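In my numbering, the protein residues as written are 97 to 466. Every residue, glycine too, gets a C-beta built ideally from N, C-alpha and C. Keep in mind the model is a prediction, meaning the values are calculated, not measured.
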Amino acid sequence: MTSIAKQIGTNWFTVVMGVGIMGGLTYTSPMAFPDHDQIGILAFLLGSLLLVVALILWTTRWIMHTQDALHDFLDPTRALFYGALAMAVNVIGNDFFLVGTHIFPREMAIHISQGLWLAGVFVSLFSVIAIPYLMFTQHEIAPEDAVGSWLIPVVPPIVAAADGANILPYWGNKGLDMGMTAFDLTLFGMTFFLFLMISALFYMRLMYHRVVPGHLAPSVWIEIGPIGMAMGTLATIPLTAHAFLPSFIPGLRSIGLIGATALWGTGVWWSIIATLYSLMHLSKRGEGIPYSLGWWSYVFPLGSFTAGTYALYHLTDLKLFFIAAFVQLLVLAGCFVIVSLGTLKGIMDGTLLAWRPHHHHRGVREAKTS
């Protein structure tokens, strides 16, 4: 087990994120389809199990291989994925509200959702403070190194805000509900403006520097993740805060309608750009896109954008967003199947996780011949 745990960095939590958001979106699909609720429940339970397993292995790594775990903070790539840990906790916490309340005792599921949300917020704040600080002071980074992955450590607060918007009415009293709403909007603002700054750096890199290489092409999709979560926050708060902020609801609905719709247009544009980028690398002009855990960037960001479209539909009741939400879910399901099969194959053959003796021996042989 320790040899496996040594290999479990925070990047493995991207799998939990993808499975978790697939469960919640499938279960709550605006357009019902055969067995969608059973599929959603299965994905929710699998995501919850994967979170527990990943946390156990990751904690074991810290205990048994402390130096390796500490070294992650000095690596400009691995450090970014502390954001994945935070988002994985928040996604499963949100699933306990969306799905768990229908299969477990409701009050218990809500309490678990709240507990996981608080834990996710704590890790989110650690990620959004510690990792950028290390990037500012310790990591050697050039302007042409900017990639979509730079968003990973700063996105968690807005994921927490979008998920937290669902549970705003359940904190126990009006004063606490109002306080949590203010805190939720603070989390939203914390990420949203960092998202704008990092997006500008990434846009400049795309304009003025070399093409993002094939193995990083999936990271281009990360941009639509915070867009979707921002849509979800803006569109959900007017629906969940009406009981304790009645005088603010008309204004919040207007802000949600205008803001979320405008962001949806941006997300559609970026989705087209990201698709063209991937197709370019799959064509003769590109380098190909070798499989890695980075392929989960085809799942969670698109899932986040789909969740934002769900929220916009619930706010507006417009057929446009009803149809768009279902189309996005179908595309997401296709991506999910492809990426999941790739991960299973990589685990079985040892290319992602060496868990059999011959996996390690093959790795040594490859290292000697490379």
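Closest in alpha carbon position to R202, among E240, Y266, T106 and M293, is Y266.
It is roughly 10 Å from the alpha-carbon of Y406 to the alpha-carbon of Q424. Contact annotation, P322 with V251: C-beta distance approximately 5 Å; criterion of less than 8 Å satisfied.
Per DSSP, the continuous alpha helix (DSSP H) segment holding D191 begins and ends at Y178 to D191. Contact between M113 and F396 is confirmed by a C-beta separation of about 4 Å, below the 8 Å threshold. Spanning the alpha carbons of M293 and P228 requires a straight line of approximately 12 Å. DSSP places S379 in the coil class of the three-state scheme, outside both helix and strand. Pairing D241 with R301, the inter-Cα distance amounts to about 8 Å.
Every alpha helix (DSSP H) of 4 residues or more that sits fully in the region 120-180 is shown, in chain order, as 132-160 and 162-167.
Looking at L335, A421 and V111, the one whose alpha-carbon comes closest to that of G179 is V111. DSSP places W213 inside the alpha helix (DSSP H), whose first and last residues are R202 to T233.
Counted as a single uninterrupted DSSP element, the alpha helix (DSSP H) harbouring V435 occupies residues K415 to M444. Annotation: the continuous alpha helix (DSSP H) that includes K270 extends over K270 to Y304. Where Y394 is concerned, there is no enclosing alpha helix (DSSP H), because DSSP gives it neither an H nor an E. Around A101, the same chain offers L153, T156 and R157 as residues with beta carbons nearer than 6 Å, after the five sequence neighbours per side are excluded.
When C-alpha distances from A370 are compared across D259, G244, V433 and V435, the shortest belongs to G244. Contact between I208 and G116 does not hold, since their C-beta atoms are separated by about 14 Å, which reaches or exceeds 8 Å. Within its own chain, the residues whose Cβ lies closer than 6 Å to the Cβ of A356, once the five positions on either side in sequence are excluded, are M327, L330, A331 and L408, listed in chain order.
Just so you know, the alpha carbons of P239 and L194 end up roughly 41 Å apart. In this structure, the alpha-carbon of Q234 lies about 9 Å from that of F169. Comparing C-alpha distances from S374 to each of L297, R349, G390 and F192 shows the shortest one belongs to G390.
One alpha carbon belongs to G196, the other to A205, and they sit about 6 Å apart.
Assigned with DSSP and collapsed to three states, P309 falls in coil, not helix or strand. The criterion of a C-beta distance shorter than 7 Å is not satisfied by Y394 and V433.
In the DSSP assignment, D241 falls outside any alpha helix (DSSP H), carrying neither H nor E.
Annotated three-state conformation of T106 is helix, per DSSP.
Annotated as proximal: N186 and G216, with beta-carbon spacing under 7 Å.
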